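Quick note: the sequence shown uses this note's numbering, first residue 27, plus one each step. Every residue, glycine too, gets a C-beta built ideally from N, C-alpha and C. Computed from a predicted model, the values in this text were never measured in an experiment. For reference, the structure discussed in these notes is given below.
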Amino acid sequence: MLVEERNTAKPIVACYAGETANGVHDVFGAVSRDEGQTWHITNLSESADKSSFTHANGTPSYGHCRKPVFQVKGNRIFVVWSSRYAAEGAPRYELEGDPHNMGLNEEEPQNWQREEEAPETLVGQQSVDYTDMGFSAIGEVAYSAVWACRGVIVTKSMTAWLNAGYSAGDIVWFQPERLTSGVRDANQLFAGGAGSAGFALTWQEDPLGLRPGKADGPGHGWGGAITSNATDIWYSYITWADMLKTPSPIPGPGEGRPLVSEQMALPVRISDNVDQNTGGARPNCFLQAYASPTDENPCAKSAWAMIAYTERRTNPLGKQEPMGPASVDEGKNVMYHTFEFTKPLANSEDSDANVRAGNIVNLQRTDADGTPLWLTDWSGNYILDEEGEKMPAYYNCRRPRLIMQGKSAVGGSKTVMLMIYKAGLGDCGHGSDILMRRCVVAGDGNPYKFENFQPGEQNLSSTTVTQMGFAGLRALEWEQTVENLGDNPEDNDLDDARAHRGAIRGDFVAFGYTYTPNLEMSKKGYDTYNFYLRRSFDGGQTWTTDPEGTTAVEHTENFYNACSLDSYQVTTSYGPGVNVFEPARNMSLVTVSEADIANEAVQTVIEPRLVAVPGSITITKPSPDDPCKKEPTGYAEDVQDPNVFYMTWATKYFFTDVEGKAHYSFTRDRGQTLGRWEFDSLSGDLSPDVREAECQIRMTPDGSKFYAAWLEETDSGSDIVFRRILPGEFLSIQPNPPIASIDSPVSDVTINAGAPVDFAGSVTNGTLPLTFGWDFGGGAPSLAVEDPGPVIFETAGTYVVTFKVADSEGLESSASVTVTVASGPVAPVDGDLNGDGEVDGVDGALLMAALGACEGEDGGGYIPEADYGGVEGCIDPVDYGIWRSYYTAVVHE
C-alpha cells in the first residue's frame with residue numbers, strides 16, 4: 027500500500043562496530059536517505075589493520091574498537107568510541123605541546139597518572155596482562171584511547187560545501203580525531219548533544235587497565251563496573267560554532283574526508299579520585315540547550331551539562347577489619363555534577379569554584395523508624411572520619427539514569443529531571459530496588475543544580491509478599507501499594523529490579539524496569555524477569571491511573587502455584603479518577619512452567635527500552651521582530667504528540683544463555699491502552715535459529731513511524747538489522763491536500779515600471795506528481811513552474827499574483843501576493859534594501875544573511891546599502907540596530 031510520496035526526506039543514521047581485518051572491529055556509520063531501503067556505509071575508524079603498541083611477545087596490538095555511541099542534532103552527527111589504536115588522529119594535547127597526558131601540565135601534578143611520577147616517565151600507551159589474574163587466554167591487552175568523528179548533512183545554506191561540489195542532502199564524514207593517549211585505559215564512553223549548542227562526552231579511565239568482574243550480575247563481567255583506585259571520570263566537548271570548521275579549501279567528493287581545524291576541548295577530570303582510595307565508573311552525560319544570545323548571534327545557544335556516575339566507597343577500617351551490621355563494605359555512591367557545558371570546572375552558578383568532588387545523590391540509610399544510620403565496627407563503635415565526625419551509612423547504589431526535559435517543557439509540578447538508580451545492601455548479584463529522586467525548577471540559573479533536588483527518595487520497584495511457598499524460599503503472590511514507595515531496599519529481600527528506563531513529557535512520566543519476585547529462584551531457572559511499566563501524571567510525585575481517563579486499566583500478573591513450579595495469571599482493573607493508585611504493570615508476561623524447566627526452555631526478559639517521541643521538528647524563518655523565529659515544517663509527522671511512547675524488550679533462554687526474540691509495543695494515550703496487546707516479534711521471523719538482541723529505537727515526533735535497529739545472530743554470524751514500522755493505528759485514508767506558499771516575495775511589494783520581482787514558491791503535502799501555475803494578474807505572462815525567478819512588470823498598476831498547485835488527486839491550494847508598479851520613480855526609503863519601496867521582513871532577512879560579510883570578500887554577501895555605521899566596509903550588529911530603527915519607525919507610523 028502506498029502511504030505517501032514526498033520530494034524531501036530525512037536521513038536515518040546508524041552506527042555500529044563490525045569485524046574487519048585481523049579479527050578485530052572497526053566503527054561504521056550507515057546513512058539512509060530513502061527510509062531505510064538502501065544504506066551508504068562508511069568505515070569511520072579505519073584502525074583494524076593498524077597498530078600503535080607491540081605486546082611483550084612481539085605481536086602487534088591492532089586497533090580494536092568498542093561500543094560506538096552517537097548523537098544527531100539538526101544536520102550534525104557526533105560519534106565516539108574507544109580503540110586500542112592510539113596513534114594519529116591529531117589530538118589537541120599534541121598540537122599544544124604536551125605529548126604525554128592530554129594537555130595537563132606539571133603545574134597540576136594531580137592530573138598525572140600517579141602523583142609521585144614525573145611527567146617524563148609517562149611514555150604513551152600502556153597495557154595490562156590478565157594472565158596473572160587467571161585469564162591466560164586473554165593475556166596482554168593494550169589500553170584503549172578515546173576517538174571521535176564528526177559528520178554533517180549538507181544543506182542548501184552551506185555555500186562553501188556546495189561550492190566544493192557537494193549537493194544538498196549529501197552526508198560528509200570528517201576524519202576521526204583522537205582525544206587521549208592510552209596512558210590510562212578508556213572505557214564506557216557516553217555522548218550528549220544539544221542542538222545549536224554543541225556536543226560533549228564522558229568516559230572512565232583506569233590507570234591499571236579494565237578490571238575483570240565476577241559476572242554475578244546480568245553482565246558478562248567486563249563492563250567496567252569494577253575499577254582500580256584513581257579511576258576518574260573525564261570530559262570533553264565541542265561547540266556548535268566550532269564543530270564544522272575545516273581547513274580551506276574543503277575537499278570535494280572523492281578527494282578524501284575533510285580534516286577538523288578546531289579539535290575537541292582538552293579532556294579534564296570531572297571526578298577527584300586521583301588522590302583518593304576510590305574509583306568512578308559508568309558515567310552518563312546529557313546536555314540541555316538554553317538561549318544564550320550574543321551581539322554577533324541573537325540566536326546563539328549554550329547548554330547545561332548533567333553528569334552522573336557511580337563512585338566506589340572503601341572500607342575505612344581496611345580490608346582485614348570488616349565493618350558491623352549497620353555498614354556497607356565497599357559499596358558505591360551515585361555522584362552528580364552539572365555546569366555550563368563549556369566550563370566543566372565551574373559550578374552551576376558560573377563561579378571559579380571547583381566541583382570535581384561532585385555531590386552524593388543517594389541518601390543516608392535509615393532504620394524502619396526513619397532514624398539515620400552510621401558506620402560502626404563489629405563492637406558497635408562509630409567509625410569516625412579524619413575530622414572526628416561520624417560517617418553516614420549508605421546503600422550500595424549504582425547504575426544512575428537521568429530522565430530529563432527542558433525548563434520550558436515542565437508542567438505544574440515543575441519537575442525538570444528525575445534521577446533513578448539501583449540500591450541494595452549487597453553488591454553485584456544481590457537483590458536491589460530502583461530508587462528515584464526529583465529535581466524541580468527553582469530560582470534562576472541552572473535548573474538542574476543539585477540544590478534543586480527534592481528531599482527524600484521513592485522506591486519504585488518494591489513489593490510486599492502476600493503468600494509464601496517452598497518453605498519460605500519463594501514468593502507465590504505479592505502486591506504493590508502506595509506504602510511501598512517508602513520501603514527500604516531490604517524490606518523485601520527476595521526480589522530484584524534492574525534495567526530501569528523512562529521518559530518525561532511535561533507532568534507525565536513513563537517508567538519501566540525488569541523485575542523478578544524471586545531472585546535466587548531466577549538464578550536457577552525456576553523464575554524469570556518481566557518488563558514492568560509505571561505511570562505518573564504529576565511529575566513523579568504520585569503513581570496513579572490517568573486522572574483524565576474515562577476507562578479502567580487492566581493489569582495481568584503472573585503468580586505461582588503452591589504445589590508446583592507452574593505459574594498462573596490474575597487480571598485486576600484499576601478505575602479512572604483522581605488519585606487512584608496504580609501499581610507497576612507487567613508488560614511482557616513471560617511465564618515459567620515445570621515443562622519449560624524440564625525442557626530447558628525458560629526465558630527471561632533482557633535489555634528493555636522505553637522511549638518517548640522527540641520534540642517537534644521546526645524550520646527557522648527569521649523575521650524583523652524575531653530573528654530566531656521557528657515555524658512548523660508543514661508535515662503532520664513532525665509535530666510532537668506527547669501522549670505517545672514505545673517500548674521494546676528481548677528475551678533470553680536461561681539454561682543456554684542464548685538470545686530469543688525482540689518485541690515491541692506502543693501507546694497513543696499515555697499508557698491507557700496499547701497498540702499491540704499481542705506483542706509482535708520485531709523481525710517477524712519466528713525461527714529459533716534467528717536470535718535478536720540489543721535493540722535501539724527511534725520514532726517520528728507524532729509516533730506514526732517507528733525505526734528499530736538490532737543485533738541479529740545466527741550460527742553463521744551476526745548482522746545489524748534495520749526495520750521501519752508504520753503501525754496501522756496511525757494510518758488513515760484522510761485526504762492529504764497540498765499547501766502552497768510564496769517564499770519570495772514574502773509580502774506585498776512596490777516597484778518601478780520595468781523592474782523585476784523575484785518569485786519562488788514551495789509546497790508541502792499533496793500526492794505526487796504536482797502541477798504548478800503562476801498567474802501574474804495581467805502584469806506578465808503566466809508560468810507553469812514552481813520557481814519562476816525574476817519577472818518584469820512593464821506597466822504601472824496593481825497586480826494580484828497567485829501561485830496555484832494541484833496534486834494527482836485533484837486537490838488544490840493557492841497563495842497570493844500584491845505587486846504595485848509605480849508610474850514614476852519610487853523614492854528611496856531608508857531601510858529598503860531590495861528596492862521595492864518597503865521596509866519589511868524581506869529587508870530584515872537580507873540584512874541577517876549579510877551579517878559578518880565585508881566588502882571584497884569571496885562569496886559576496888556584502889550589501890553596501892546596509893552599511894549604515896559601525897565597522898566601515900562590513901555589515902555588523904551596529905548596522906542591524908540602525909536598520910531596526912528604520913523598520914520600527916515604519917511599523918509604528
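- Residue environment analysis places residue 493 among the exposed positions, since fewer than 16 neighbouring C-beta atoms fall within 10 angstroms of its C-beta.
- Only residues of its own chain outside the window of five on either side were considered, and among them 808, 817, 825 and 827 have a CB closer than 7 Å to the CB of residue 802, listed in chain order.
- The Cβ atoms of residue 594 and residue 607 lie no closer than 8 Å to each other.
- Residue 360 is a Cβ neighbour of residue 336, given a cutoff of 8 Å.
- Separation of the CB atoms of residue 733 and residue 717 is rounded to 21 Å, and the pair is thereby denied contact status at 8 Å.
- When the alpha-carbon of residue 526 is set against those of 440, 596, 426 and 408, the nearest one is in 426.
- Taking 8 Å as the cut-off, the Cβ atoms of residue 673 and residue 805 do not count as close.
- Contact between residue 230 and residue 259 holds, with the beta-carbon distance rounding to 6 Å and staying under 8 Å.
- Counting the other Cβ atoms within 10 Å of the Cβ of residue 485 gives 16 or more, which makes it buried.
- Residue state for residue 440 is assigned as coil, using DSSP reduced to three classes.
- Cβ contact annotation for residue 500 (same chain, cutoff 6 Å, sequence separation greater than five): 544 and 547, in chain order.
- The DSSP assignment places 197–199, 211–220 and 224–232 as complete runs of the beta strand (DSSP E) inside the segment 175–255, in order along the chain (cut-off: 3 residues).
- The beta carbons of residue 792 and residue 756 sit no closer together than 8 Å.
- Taking residue 408 as the centre and dropping the five residues before and after it, the same chain places the C-beta of 400, 401, 402, 416 and 417 closer than 8 Å to its C-beta, in chain order.
- If you ignore the 5 residues before and after residue 654, its C-beta comes within less than 6 Å of the C-beta of 325, all in its own chain and listed in chain order.
- Residue state for residue 680 is assigned as coil, using DSSP reduced to three classes.
- Beta-bridge pairing by DSSP links residue 580 to 599.
- Between the segment 871–880 and the segment 894–905, the count of Cβ pairs shorter than 8 Å is three or higher; the stretches touch.
- Within the segment 813–898, the complete alpha helix (DSSP H) segments of 4 residues or longer fall at 867–876, listed in chain order.
- The beta carbons of residue 643 and residue 667 sit no closer together than 8 Å.
- Between residue 232 and residue 211, the C-beta gap is smaller than 8 Å, which places the two residues in contact.
- In the DSSP assignment, no residue is bridged to residue 532.
- Excluding residues up to 5 positions away in sequence, 597 and 599 lie with their Cβ nearer than 6 Å to the Cβ of residue 580 in the same chain.
- Residue 327 is bridged by DSSP to 317.
- Of the residues assessed, residue 865 falls on the buried side of the cut-off, its CB having 16 or more other CB atoms within 10 angstroms.
- Closest in C-alpha terms to residue 873, from the list 837, 843 and 910, comes 910.
- As a beta-bridge residue in DSSP terms, residue 430 pairs with 443.
- Between residue 867 and residue 773 the beta-carbon gap is near 6 Å, inside 8 Å, which marks them as a contact.
- In this structure, the alpha-carbon of residue 836 lies about 40 Å from that of residue 67.
- Taking residue 637 as reference, the option from 262, 675 and 612 with the minimal CA-CA separation is 675.
- Around the beta-carbon of residue 514, 16 or more other beta-carbon atoms lie within 10 Å, marking it buried.
- When C-beta atoms of the segment 179–194 are compared with those of the segment 81–97, fewer than three pairs fall below 8 Å, so the two segments do not count as touching.
- In the structure shown, residue 267 falls within a helical segment according to DSSP collapsed to helix, strand and coil.
- Between residue 183 and residue 166, the CB-CB gap reaches or exceeds 8 Å.
- In this structure, the beta-carbon distance from residue 614 to residue 557 falls below 8 Å.
- In this structure, residue 171 places its C-beta atom within 8 Å of the C-beta atom of residue 208.
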